[in-house]
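Residue numbers (our numbering): 52 to 993. To keep things clear, I will list the structure first and then write my remarks on it.
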Ligand SMILES: Nc1ncnc2c1ncn2[C@@H]1O[C@H](COP(=O)(O)OS(=O)(=O)O)[C@@H](OP(=O)(O)O)[C@H]1O
């Protein structure tokens, strides 16, 4: 039945379809009609339902939320003197002041490295200076001032391009001998000194600097600062404007001089009369008068005319953001450009999860239009700039109709942007161990990209929550390559999220991983007024703070943002437009952009040393643990390692330890047998999943068990200590030492058995006495490989630089041969292995072999193979004599090392040093560390 009104008539169809017409005067009577009342009620109910549905729609579209946000979004506003005055010249003509060129014509023999003198290793400015150098990848050597000087030259080359003093007074008060050496170095190698004048005393003072025609004054309050646009120091730094307030600096030192060697770099304005605190002013409408002020020099260049050494002096530390830039420029100036970096910075802004977000926090059509506009504005500042959009197709059209409309609009503008894939449903790849399942997710997303005709940037992908990129989940890398042909990704997590300045890149399994930066915006950071910690914090980050310094210090910047950052308040566009404008105002840096693959090539060309990763321990970082497969466990990593060196009895110790019921070794590798040689060779590139796969999975029986591995070439591998320390920082390290001459001889015979050409061609004596510079290559190499590992002290010091002595266990290899039972029993105690296993019942001396061998449960002996305990003629006395002399300095250092660590001196070492007749001096009890091992022969006690 339908109803309609027509000119006062009520026309209705009855149930039989006949049309009934009621005249107007009948209407009143109709009100009393119960059918009419019922209909009215029905109509009212219908109306209510429609209203509820309409309200529901309105609420779900997100428009309501949109209406609640402040009408005024933050508007980009970067005051800057130069854009307005450029070419018009009322202030300065900035057109004239191009970035200074610091490189001179002279060929300077200088390393691009800084020498940084700090007051103490914990002093705050010293720490900030070191951190800033690290962030800018500037190599430096840190020294505590007041101690002796480091070696300054190497083969006629200056080792440092600039000398920095955290406290310049320490340079001034250096003893004359050291000051003389340092100044001589600076003059001869044309190196400058950069110093900070730490304020001394509380009140305003004035004093002269000893030895210089220069006086300093201290001010506890300055009004504003500005740069000298004519300063030849300014290279990265551009005098953007007059700036205040001045960061966290409490006190300023200013400089005064009449000598022409001194030139201002930065000025501050100091008040001429005491300031009236604002709360004491009569009223807001009657603010205190602008105080009269005087300009003082706060950063000073000494051109070196006075004493031949150029210097740059800072009247305040890095608490004032501009000083970060001036420090870089100062180092560049004083090192004649040896410590200069390029002025180009690359910028890529990823918008992850372009379809992922809660309703109400998603883009609506005006946001999309604004995103396109913001991109156009950014393009005028960063040529070719495009937002890089990450998508999970499974979330497409999951918003309200209005939000879905925005996605349609975004896809309409698809060619304006770059696009890259996430997972289809935004799932975390580390939670899927099966490559096929991961590939299936990716294939869905790929189909989506094809259907939508997305202009894929190609070869770049990002994993949701960084999962699987680092710590590496091998199936992700494999699936990425097979489905998308991924060649580049990025993460914030390598080596760790914090501190951001230490984030680095690496290459794994053919995929280049770039470091990713954050701009302070996360999925929930959407409203300017509600920015966590206050909007001032965001402004500070943009205007000289963290975001600004990130852009300055990173040549390649890949930023992570999210879709919701471009909805609501559109903070994402605000932040990047402001940051880019601020950077352009205050620096001469040129911002450029490139697609990810090109960026990755640029990055690894700049930093080739970063290509090889250093695998960290996922269990040492809570965040890493969260994005690590539940099926992986750090219990599958070894507790201790036998690190070598080769030919010292490592196989014997390995096989004897393996008898212990609580100790398990790795399973054999098809290529390198019982040795995995993970940390020392190309296996390291295979990653930690590969390494862990050789160890038994955790047992369910609650029994404590100890895992270990032995690879005898770890001992002298250059990168090995660092790699082991990164993955196994609390591992115990066992090293076995025998006379280095004997080790060399054993290794020579080992090489002959393995048909090493040079070993077969040359006698042992010829090999060890070969000229390391002029001998044929094969001989030279053999010479080095035979002799190098015997530099015991040198190698042990490299391990000790990273591991505490308690984790290093030195085993006397001669004692291991003669009394392995004692050695193993003692080692169990040192390594705190439970339960104790008495080896007396499990090892037996076998005359035929000439060594101890295992005894099995049937009382049968099992000796090591023929390759261990070979028969070869004794070493010629001439070779022995040569080697004793060759190793003499190293053996002397080893003796000292033993004493330092609290070990008794083994008899073979005394023999090698020719000191066996002297009494082994008793080590005072208090010097003997817990590490003392009775498995060392102590001739003193014999
Ligand atoms: N119990 C037992 N059985 C056999 N051999 C023993 C044993 N204990 C120590 N040694 C000595 O170990 C030397 C081999 O050292 P490595 O096992 O470290 O060699 S390798 O680097 O793994 O190739 C080997 O060197 P060579 O004598 O030159 O063959 C042995 O002297």
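All C-beta atoms in this analysis are idealised placements derived from N, C-alpha and C, irrespective of residue type, glycine included.
- About 6 angstroms separates the Cβ atoms of residue 839 and residue 767, confirming a contact at the 8 angstroms cut-off.
- Residues of the same chain with a CB within less than 6 angstroms of the CB of residue 499, apart from the 5 flanking positions on each side, are 444 in chain order.
- Taking the Cβ atoms as the reference, residue 851 lies roughly 14 angstroms from residue 788, outside the contact range of under 8 angstroms.
- For residue 261 and residue 220, the gap between their C-alpha atoms comes out near 9 angstroms.
- For residue 346, the enclosing beta strand (DSSP E) stretches over residues 344-353.
- Around the beta-carbon of residue 466, fewer than 16 other beta-carbon atoms lie within 10 Å, marking it exposed.
- In this structure, the beta-carbon distance from residue 765 to residue 867 does not fall below 9 angstroms.
- Here the segment 932-944 lies against the segment 791-798, with 3 or more beta-carbon pairs under 8 angstroms apart.
- Secondary structure of residue 643 (DSSP, three-state): strand.
- Residues 257, 258, 259, 260, 306, 307 and 308 of the same chain have their beta carbon placed closer than 8 angstroms to that of residue 266, with the five preceding and five following residues left out of the count.
- Shown here, residue 473 sits in coil according to DSSP, grouped into three states, outside any helix or strand.
- The alpha-carbon separation between residue 853 and residue 168 amounts to approximately 23 angstroms.
- Nearest in C-alpha terms to residue 351, of all of 159, 447 and 279, is 279.
- If you ignore the 5 residues before and after residue 461, its C-beta comes within less than 6 angstroms of the C-beta of 419, all in its own chain and listed in chain order.
- Secondary structure at residue 784: strand, using DSSP grouped into helix, strand and coil.
- Straight across, the Cα-Cα distance linking residue 667 with residue 777 is about 5 angstroms.
- Secondary structure in the segment 389-469: the alpha helix (DSSP H) runs of 4 residues or longer, each lying completely within the stretch, are 416-432 and 452-463 in chain order.
- Taking 9 angstroms as the cut-off, the Cβ atoms of residue 151 and residue 284 count as close.
- A direct Cα-to-Cα measurement between residue 396 and residue 754 gives close to 55 angstroms.
- Inclusion of residue 716 and residue 758 in the CB contact set at 9 angstroms is warranted, their separation being smaller than that value.
- For residue 540, the uninterrupted beta strand (DSSP E) segment begins and ends at 539-542.
- Residue range 219-223 is occupied by the alpha helix (DSSP H) that includes residue 219.
- In the displayed model, residue 637 falls within a helix according to three-state DSSP.
- Using a 10 angstroms sphere on the CB of residue 885, the tally of other CB atoms stays under 16, which defines it as exposed.
- In this structure, 459 is the residue among 211, 902 and 459 with its C-alpha nearest to the C-alpha of residue 417.
- Rounded to the nearest angstrom, the Cβ distance from residue 625 to residue 127 is 6 angstroms, consistent with a contact under 8 angstroms.
- Short of 7 angstroms from the beta carbon of residue 174, and not among the five residues preceding or following it, lie these beta carbons of its own chain, in chain order: 217.
- With contacts defined by Cβ atoms closer than 9 angstroms, residue 371 and residue 406 do not form a contacting pair.
- Assignment of residue 801 by DSSP, reduced to helix, strand and coil, places it in the helix class.
- Take residue 641, set aside five residues on each side of it, and the residues of its chain with a beta-carbon closer than 8 angstroms to its own are 394, 395 and 396, in chain order.
- By the criterion of a C-beta distance shorter than 7 angstroms, residue 722 is surrounded by no residue of its chain, once the five residues flanking it on both sides are discounted.
- Distance between residue 414 and residue 452, taken at the CA atoms: about 12 angstroms.
- Secondary structure note for residue 710: its alpha helix (DSSP H) is the uninterrupted segment 701-710.
- Relative to ligand 1, residue 708 has its C-beta separated by 8 angstroms or more from all heavy atoms.
- One Cα belongs to residue 249, the other to residue 273, and the distance between them is close to 16 angstroms.
- Listed as beta-bridge partners of residue 303 by DSSP are 270.
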